[in-house]
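K.L.:
Take a look at this one; I'll ask things after.
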Amino acid sequence: MSEAEDIQGQTGRVHASPRFSKPTVELVKVPQEMKSFKAYDKLRVERMNDQHVGARLKRAAEAEKEEKK
-10 MSEAEDIQGQ
0 TGRVHASPRF
10 SKPTVELVKV
20 PQEMKSFKAY
30 DKLRVERMND
40 QHVGARLKRA
50 AEAEKEEKK
């Protein structure tokens, strides 16, 4: 505690500097292609594909094994 210093003088709120301005937002028109894109459906399909990779590989290996016989 011997190294601690007491704050002297005015203390109060820190004001943001005017040189830091907020970023501007550019508005654009959304094309019909983006409006009609079903993001949720696409994500669900890709998740299902990821889940079934192992089963598909197993089925392909079994089919290849049967083909060799």
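In terms of my numbering, the sequence shown opens at residue -10 and continues consecutively. No residue lacks a Cβ here, since even glycine has one placed at the ideal position from N, Cα and C.
1. Going straight from the alpha carbon of M23 to that of R45, what length do you get?
2. Where V42 and E35 are concerned, what is the direct C-alpha to C-alpha distance, given to the nearest angstrom?
3. Return helix, strand or coil for K27, following the three-state DSSP convention.
4. In terms of residue numbering, what span does the alpha helix (DSSP H) encompassing V42 cover?
5. DSSP three-state label for V34, please.
P.N.:
According to the structure shown:
1. 32 Å
2. 11 Å
3. coil
4. V42 to K57
5. helix
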